[in-house]
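Colleague:
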Amino acid sequence: APPIYFSAVVITAYFGFRSALVISFLLVLLVSPMVGFSPAFPLIALGGSLVAALNTKGISRQDNYAKIILSTAFINFFLTAVIGLLEKETWAIISINVAQTALSGVISVVVAIGIMPLYEMIFNTVSPLRLIELSQPGHPLLKRLFVEAPGTSQHSLMVANLADAAAEAIGANSMIARTGAYYHDIGKLEAPMYFTENQQGDNPHDLLSPLESAQIITQHPKDSLKIGRRYRLPVPILRIASEHHGTTRLRYFYHKAKEIAEKAGRELPDDKEYCYTTPIPSTPESAVVMLADSTEAAMRSSGIENIADAEKLIRSIIKEKIDQEQLKNSGLSFADIETIIDAFLQVYAGHFHERVEYPEAATETN
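Given below as structure tokens:
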């Protein structure tokens with residue numbers, strides 16, 4: 002039974018509740034002949050694995066790990082005791098069996114929970130349990146972001162809503178996209194007042210040259226990676242933090258530098274000095290966060306409040322990313338891009354209190 006409980010927890014965490022039930026059932030069929038087809042074994046094994054999987058599925062905080070352990074031990078204790086009484090076993094035998102099954106449940110679940118970080122490190126993945134834990138507002142890094150860079154914190158929440166909707170729509174991992182969006186701008190903690198969403202008065206960029214400003218701004222994805230590693234964020238989240246700007250150009254500061262050079266009769270600036278030097282998105286989730294990030298920033302600064310204008314802006318943003326070859330390694334198709342645009346519009350429709358009209362629906366109503 003211990004391997005069955007172990008697999009129930011691990012498979013639920015990484016592949017879902019239904020997969021865990023199927024595997025648990027198959028393992029019970031496989032192991033039953035080895036224990037002499039005792040009717041008690043499949044009942045206890047299936048009961049314990051079902052409870053373990055259910056509690057793993059419903060977990061919301063790391064503190065709830067104790068709930069999985071105790072509930073699995075309790076159901077084993079209860080089923081073993083009931084079966085022992087029905088079979089009229091002696092109290093001594095019932096006590097031994099109860100202790101063994103309860104202990105096997107505890108050990109199995111503890112080992113399963115303990116091995117998850119190792120599994121994530123080896124296979125470069127992250128469990129939904131870990132993502133849920135990282136998404137809690139009380140996480141130290143998110144608390145820092147809220148206090149030290151409140152504008153960035155609010156921006157990240159909106160990016161997370163957009164990324165979650167888009168990732169869900171294209172069949173990508175919406176939990177990774179949402180959690181990655183929460184942390185994508187943590188590098189701004191190094192210099193929060195140099196980013197417009199955190200400014201409440203004077204703009205420190207007024208005292209800097211365009212190149213100095215560009216160097217500060219383009220540093221934040223690298224700082225996000227550095228801070229994320231310090232807080233031991235999982236690889237998929239670090240990837241999003243590192244890739245969400247790719248190699249795009251800071252147009253504002255580049256054009257400002259160009260104007261200054263032209264007026265002074267100097268050589269035009271090197272546009273490469275005004276570009277991010279981080280990797281371009283390598284997964285659908287990373288690309289979705291890039292698009293959500295650019296969309297949220299542009300929509301916030303534009304003041305647009307209707308769907309038609311929002312669609313034009315979103316399409317222009319995404320076209321620019323495609324033209325700059327930022328999405329070529331992301332695995333997104335053109336159909337995915339259209340789906341992402343629709344998902345973004347649905348989110349903004351809720352803010353504008355409008356309904357998105359699709360071509361088919363529009364034709365039917367005309």
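The numbers in our numbering rise by one with no breaks, and the one at position 302 of the sequence shown is 303. Virtual Cβ for every residue (Gly too), placed ideally from N, Cα, C. All of these numbers come straight from a predicted model, not from anything done at the bench.
(1) Please return the same chain residues whose Cβ sits closer than 8 Å to the Cβ of Ile24, not counting the five positions on each side in sequence.
(2) Could you tell me if Leu80 is buried or exposed, where buried requires 16 or more neighbouring beta carbons within 10 angstroms of its beta carbon?
(3) Is the CB-CB distance between Ala74 and Ala103 below 8 Å?
(4) Between Phe16 and Gln216, what straight-line distance do the alpha-carbon atoms span, to the nearest angstrom?
(5) Within 10 Å of its beta-carbon, does Ala265 have 16 or more other beta-carbons around it, so buried, or fewer, so exposed?
(6) Quick check on the DSSP output: the alpha helix (DSSP H) that includes Asn330 runs from which residue to which?
(7) Is DSSP giving Arg179 helix, strand or coil here?
(8) I'd like to know if the segment 135 to 154 and the segment 176 to 195 are in contact, where contact means that at least 3 CB-CB pairs between them fall below 8 Å.
(9) State the Cα-Cα distance for the pair Ser375 and Phe345, rounded to the nearest angstrom.
(10) Could you spell out where the alpha helix (DSSP H) holding Ile238 opens and where it closes?
(11) For the alpha helix (DSSP H) containing Pro285, name the first residue and the last one.
(12) For Arg252, does the three-state DSSP call read helix, strand or coil?
(13) Using the Cα positions of Ala350 and Ala311, report the straight-line distance between them to the nearest angstrom.
(14) Are the segment 277 to 292 and the segment 244 to 255 in contact at 8 Å, needing three or more beta carbon pairs?
(15) Compare the C-alpha of Ser331 against each of Glu306, Leu292, Ile315 and name the closest.
(16) Considering only the beta carbon of each residue, do Ile69 and Val110 sit closer than 8 Å?
(17) Using CA atoms only, rank isn't needed, just tell me which of Asn204, His156, Gly48 is closest to Met300.
(18) Decide if Lys313 is buried, meaning its Cβ has at least 16 other Cβ atoms within 10 Å, or exposed.
(19) Are Ala14 and Pro118 closer than 8 Å when you measure CB to CB?
(20) Rounding to the nearest angstrom, what Cα-Cα distance links Ile318 and Val32 in this structure?
(21) What number of angstroms, rounded off, separates the C-alpha of Thr249 from the C-alpha of Ala161?
(22) Report yes if the CB atom of Lys273 is closer than 8 Å to the CB atom of His221, and no otherwise.
Modeller: The answer reads as follows:
(1) One-based indexing of the sequence shown puts residue 24 at position 23. Taking C-beta separations shorter than 8 Å and ignoring five residues to either side along the sequence, the partners of Ile24 in its chain run Ser8, Ala9, Ile12, following chain order.
(2) Taking the first residue of the sequence shown as position 1, residue 80 is located at position 79. Answer is buried; the Cβ neighbour count reaches 16.
(3) Looking up residue 74 in the sequence shown gives position 73. Looking up residue 103 in the sequence shown gives position 102. Less than 8 Å divides the Cβ of Ala74 from the Cβ of Ala103.
(4) Here residue 16 refers to the residue found at position 15 of the sequence shown. Here residue 216 refers to the residue found at position 215 of the sequence shown. If I take the Cα positions, the gap works out to 42 Å.
(5) Here the question's residue 265 lines up with position 264 in the sequence shown. Here Ala265 is exposed, its C-beta having fewer than 16 other C-beta atoms within 10 Å.
(6) Within the sequence shown, numbered from 1, the residue matching residue 330 stands at position 329. It is not in any alpha helix (DSSP H) - Asn330 carries neither H nor E in the DSSP assignment.
(7) Along the sequence shown, one-based indexing puts residue 179 at 178. Secondary structure of Arg179 (DSSP, three-state): helix.
(8) These segments touch.
(9) Outside the shown range of the chain, which is 2 to 367, sits residue 375, and nothing can be said about it.
(10) Within the sequence shown, the letter at position 237 stands for residue 238. First-last of the alpha helix (DSSP H) with Ile238: 236 to 244.
(11) Here the question's residue 285 lines up with position 284 in the sequence shown. It spans 285 to 303 - the alpha helix (DSSP H) in which Pro285 sits, taken as one unbroken run.
(12) As a working note, residue 252 is residue 251 in the sequence shown. DSSP places Arg252 in helix when its eight states are reduced to three.
(13) Mapped onto the sequence shown, residue 350 falls at position 349. Mapped onto the sequence shown, residue 311 falls at position 310. For the pair Ala350 and Ala311, the Cα-to-Cα distance works out to about 9 Å.
(14) By the criterion of at least three beta-carbon pairs nearer than 8 Å, the segment 277 to 292 is in contact with the segment 244 to 255.
(15) As a position in the sequence shown, residue 331 is number 330, starting the count at 1. When only C-alpha atoms are compared, the closest one is Leu292.
(16) Counted from its first residue, the sequence shown places residue 69 at position 68. Counted from its first residue, the sequence shown places residue 110 at position 109. In this structure, Val110 lies closer than 8 Å to Ile69 by Cβ.
(17) For the purposes of this step, residue 300 is taken as residue 299 along the sequence shown, with counting starting at 1. Closest in C-alpha terms to Met300, from the list Asn204, His156, Gly48, comes His156.
(18) Here residue 313 refers to the residue found at position 312 when the sequence shown is read from its first residue. Lys313 should be labelled exposed.
(19) Your numbering for residue 14 matches position 13 in the sequence shown. Your numbering for residue 118 matches position 117 in the sequence shown. No, they are not a contact pair.
(20) Numbered from its first residue, the sequence shown carries residue 318 at position 317. Numbered from its first residue, the sequence shown carries residue 32 at position 31. Those two C-alpha atoms are separated by around 56 Å.
(21) Taking the first residue of the sequence shown as position 1, residue 249 is located at position 248. Taking the first residue of the sequence shown as position 1, residue 161 is located at position 160. When rounded, the distance between both Cα atoms is 21 Å.
(22) By 1-based counting over the sequence shown, the position of residue 273 is 272. By 1-based counting over the sequence shown, the position of residue 221 is 220. No. Outside cutoff.
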